[in-house]
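Each remark here refers to the structure printed beneath this line.
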Amino acid sequence: MSAILKRIAFLFLIVLLPVIARAEQPVTSVELLKDASFYNAKKIIFEGEVVGDIMIRGKSGWINVNDGGNAIGVFAAANFLKDIDQAGRYGKTGDLVQIFGVFNRSCTEHGGDLDIHALNIQRIKEGNSTIRSIPTFKQIILVLLSVILIIILWISKDSRKH
Amino acid sequence: MLLRPSFQDIRNIGYYLGKIIVGLALTMLIPILVGFLWHEPEPVIDFFIAAEVSLVVGLLLMKFCYSQKDLSWMQGMIVVALSWLVAMVLGAIPLYLSGHWHSFLDACFEAMSGLATTGLVLVQDLDHLSHSHNLWRHLIMFIGGQGIVIVALSFFVKGFSGAFKMYVGEARDEKILPNVIHTSRFIWLVSFTYLALGTISLGITGIALGMPWQESFFHGACNFMAAFDTGGFTPQSQNILYYHSLSYEVVTMVLMILGAINFKMHYQAWIGNRKEVFRDIEMLGFFTTVIITFFIVGAGLVQNSTYQQGIILFRKGFYQLISGHTGTGFQTVYPSQFIAEWPHLSLVGIIIAMALGGAVCSTTGAIKMLRIGIIYKALMEDIKKIILPEKAILAQRFHHIKTLFLEQPQVRAAFLITILYLALYALGTLAGMWFGYPFLNSLFESTSAAANVGLSCGITEVNMPAALKITYIFQMWAGRLEFMSVFTLFGFFLALLKGK
Chain H
1 MSAILKRIAF LFLIVLLPVI ARAEQPVTSV ELLKDASFYN AKKIIFEGEV
51 VGDIMIRGKS GWINVNDGGN AIGVFAAANF LKDIDQAGRY GKTGDLVQIF
101 GVFNRSCTEH GGDLDIHALN IQRIKEGNST IRSIPTFKQI ILVLLSVILI
151 IILWISKDSR KH
Chain F
163 MLLRPSFQDI RNIGYYLGKI IVGLALTMLI PILVGFLWHE PEPVIDFFIA
213 AEVSLVVGLL LMKFCYSQKD LSWMQGMIVV ALSWLVAMVL GAIPLYLSGH
263 WHSFLDACFE AMSGLATTGL VLVQDLDHLS HSHNLWRHLI MFIGGQGIVI
313 VALSFFVKGF SGAFKMYVGE ARDEKILPNV IHTSRFIWLV SFTYLALGTI
363 SLGITGIALG MPWQESFFHG ACNFMAAFDT GGFTPQSQNI LYYHSLSYEV
413 VTMVLMILGA INFKMHYQAW IGNRKEVFRD IEMLGFFTTV IITFFIVGAG
463 LVQNSTYQQG IILFRKGFYQ LISGHTGTGF QTVYPSQFIA EWPHLSLVGI
513 IIAMALGGAV CSTTGAIKML RIGIIYKALM EDIKKIILPE KAILAQRFHH
563 IKTLFLEQPQ VRAAFLITIL YLALYALGTL AGMWFGYPFL NSLFESTSAA
613 ANVGLSCGIT EVNMPAALKI TYIFQMWAGR LEFMSVFTLF GFFLALLKGK
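Chains as they are written, first to last, in my numbering: chain H, 1 to 162; chain F, 163 to 662.
Below is the structure:
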């Protein structure tokens with residue numbers, strides 16, 4: 001009897017293994033959008049950079065997380081969002097976060113939007129500044145163009161006098 | 163027999179083209195100012211470079227082509243057609259220098275998409291684009307929505323008889339006020355008033371949603387320009403989904419509808435003649451086609467059970483429909499969701515809405531409601547002719563600001579432009595299919611480009627073939643200018659080559 005039970009358990013494991021593995025690995029935004037119906041209402045792990053603004057609305061709020069493919073809205077309790085220091089924008093890389101939450105293809109709570117309701121948010125890496133110095137070629141082009149422009153304006157002014 | 167254009171023709175064209183380019187260069191001061199405000203040194207340099215290139219080109223044209231003669235019809239049309247192409251190239255310079263576009267062609271695509279108020283995007287990593295570049299994307303939409311030449315007419319030209327020729331060349335054949343310069347200035351007055359009101363309402367909404375006030379008003383200004391000018395760019399990659407807000411959707415929807423209304427209608431409303439809204443053939447046509455196309459979209463979504471609740475179906479379906487019908491291109495679904503989740507019937511409903519468009523003398527593209535109304539009236543007249551006795555005299559009338567009798571030249575012109583638009587939609591569809599995309603996807607994207615809408619089902623992306631990008635650029639340009647000035651430009655080049 002126990003041998004039969006072991007076999008059943010083994011077969012069950014083989015069938016479920018890909019599903020379990022799929023649930024524990026972070027899912028990409030491309031996969032979520034492509035197989036939205038499959039992932040709908042399932043718990044998933046999603047990793048990416050927080051971009052734009054951290055929008056706290058009372059006891060909860062929104063962040064938008066971009067994994068390099070697409071940005072997806074993440075709805076979370078405000079206390080999770082308070083741990084996020086920096087959102088990505090020009091000159092700044094936002095905090096890299098790992099979201100564990102429920103994916104919604106068409107969220108009934110939020111007007112049918114495709115979103116993730118976070119059960120936990122973990123900051124993997126802090127954001128940083130990415131401002132770089134102005135490249136030399138741009139500076140040279142600017143100076144050259146300024147000289148050409150001044151010459152044209154000077155010639156135009158001179159010919160107008162005549 | 164084709165007559166080769168004279169040297170004087172070329173001088174006149176060059177001179178006025180130069181003036182418009184100088185005007186474009188001066189508008190680049192606005193993103194420069196924004197760059198200083200947000201401490202973005204490299205983007206400021208990008209815009210200085212672009213402004214200087216534009217000034218050099220513009221001033222050289224004005225110097226070497228100096229002319230005091232007024233423009234002829236042919237010259238006016240060519241100035242318009244060329245100025246849109248030149249504005250695309252010069253407007254693409256700061257975009258390309260930012261490093262957010264893979265090639266100069268991609269930057270040109272984005273610039274034409276902005277100028278023609280289409281809203282299809284090829285930008286990479288939009289979420290890290292600078293404020294100054296982002297503002298420029300939206301500003302060219304605002305300039306293009308009003309008409310590049312209207313900018314020049316309003317601010318840089320004191321008044322000359324060639325003004326009306328350029329005004330018509332930009333697909334605005336209706337004057338609101340007797341003088342075309344005054345008409346241009348009225349259009350700007352309306353636009354700036356709405357700019358202030360729209361930015362404030364979106365700004366306050368953004369603050370209520372938890373955004374910092376500076377970002378909120380910046381997004382407000384950008385989204386206003388994209389909504390009122392029926393463009394469809396947004397400062398973030400998720401489009402309107404970024405805000406997760408019903409109130410933001412409602413405000414943008416109102417702005418989209420305002421942008422799709424004839425400026426003449428705005429004038430009537432401004433002078434207190436609000437009854438016109440319920441009598442005008444364009445307004446009635448718009449309301450009717452919105453109801454019909456929403457019925458098609460809704461029927462598909464219900465049949466397919468795409469959304470589980472009626473209210474969600476309405477919110478998603480109606481927003482995409484209004485966005486498509488007004489030619490805006492704002493989305494609250496991801497492009498890939500259109501194809502993966504929306505049924506074909508709903509997509510056809512959106513395609514029909516995109517192909518019809520808003521009012522003439524508005525910022526929308528596509529066939530437009532006045533032409534649809536005229537064709538409908540002509541059809542009714544023909545049916546009546548069959549039903550009524552042969553001796554009966556028929557006089558079909560329609561109301562467009564005033565009551566007008568339907569005349570053959572109007573019907574002919576409406577049919578002609580409609581056929582040209584259908585041909586333009588077909589051209590992009592065939593090109594899409596040539597490159598291996600399915601029929602419906604190709605039709606969707608092509609109609610979106612040619613009707614200057616900007617809704618995407620996913621074809622428009624950085625890896626699409628270069629020839630398809632060029633096809634869409636052509637569609638956006640020809641669709642925005644409503645063909646006449648584009649044909650004149652082709653005729654001009656043909657005459658240069660083969661004329662005697």
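For each residue, glycine too, the CB sits at the ideal point set by N, CA and C. For clarity, every value in this text was computed on a predicted model and none was experimentally measured.
**Prompt:** Using a C-beta cutoff of 7 Å, does F/L199 count as contacting chain H?
**Reply:** no
**Item:** Continuous beta strand (DSSP E) assignments of at least 3 residues falling wholly in the stretch 369 to 394 of chain F
**Value:** none
**Separation of F/W504 from F/T468, as counted between CA atoms** = 7 Å
**Prompt:** So F/Q602 is in the alpha helix (DSSP H); what residue range does that whole segment cover?
**Reply:** Contrary to the premise, residue 602 of chain F reads as Leu rather than Gln in this sequence. Looking at the DSSP string, the run of the alpha helix (DSSP H) that includes F/L602 is F601 to A612.
**Item:** chain F within 7 Å of H/I152, Cβ atoms only
**Value:** yes
**Message:** If you measure between the beta carbons of F/T490 and F/G594, is that distance less than 7 Å?
**Reply:** no
**Request:** Kindly list, in the order they appear in chain H, the residues whose Cβ is closer than 9 Å to that of F/L186.
**Result:** Near F/L186 there are no residues of chain H at all, since even the closest Cβ is about 15 Å away, more than 9 Å.
**Prompt:** If you draw a straight line from the alpha carbon of F/G590 to that of F/E623, how long is it in whole angstroms?
**Reply:** 15 Å
**Asked** Nearest to F/L578 by CA position, among F/L605, F/G598, F/I536 and F/R441, is which residue?
**Response** F/I536
**Prompt:** Just how far apart, CA to CA, sit H/A21 and H/R105?
**Reply:** The pLDDT assigned to H/A21 is 47, lower than 50, so where the model puts this residue is not dependable, and the model offers no usable value.
**Message:** Helix, strand or coil, according to DSSP, for H/P26 in the structure here?
**Reply:** strand
**Message:** Looking at the strands, I want to know which residues DSSP matches up with H/N120.
**Reply:** H/F100
**Item:** Cβ distance (whole Å) where F/I443 is taken to contact F/H562 below 8 Å
**Value:** 5 Å
**Listed by chain order, chain H residues near F/A502 by CB distance under 8 Å** = L33, K34 and A36
**Asked** Exposed or buried, which one is F/L420 when buried takes at least 16 other CB atoms within 10 Å?
**Response** buried
**Asked** DSSP state of H/E47, grouped into three classes?
**Response** strand
**Request:** Would you please verify whether the beta carbon of H/K157 is less than 7 Å from any beta carbon of chain F?
**Result:** no
**Residues of its chain near H/N64, where Cβ-Cβ distance is below 6 Å and the 5 sequence neighbours each way are ignored** = V51, G52, A71 and G73
**Request:** Could you work out which residues of chain H lie near F/M478, taking near to mean beta carbons separated by less than 7 Å?
**Result:** The residue you asked about is not Met; residue 478 of chain F is Lys in the sequence shown. Under the 7 Å cutoff, chain H gives G112.
**Asked** CB F/A528 to CB F/A517, shorter than 7 Å?
**Response** yes
**Prompt:** Between which two residues does the alpha helix (DSSP H) carrying F/F492 extend?
**Reply:** Here F/F492 belongs to no alpha helix (DSSP H), and DSSP marks it neither H nor E.
**Neighbourhood of F/M373 by C-beta distance below 8 Å, restricted to the same chain and skipping five residues each side** = H381
**Prompt:** Which one of H/N40, H/I54, H/F46 and H/A77 has the shortest CA to CA distance from H/S60?
**Reply:** H/A77
**Request:** Could you name the residues that DSSP lists as bridge partners for F/K546?
**Result:** Beta-bridge pairing links F/K546 to no other residue.
**Residue range of the alpha helix (DSSP H) that includes F/I182** = F169 to T189
**Prompt:** What does a CB cutoff of less than 6 Å around H/N128 pick up in its chain, not counting 5 residues either side in sequence?
**Reply:** T93
**Request:** Check whether the Cβ atoms of F/H295 and F/V196 sit closer than 7 Å, and answer yes or no.
**Result:** no
**Request:** Specify the secondary structure class of F/W298 as computed by DSSP and reduced to three states.
**Result:** helix
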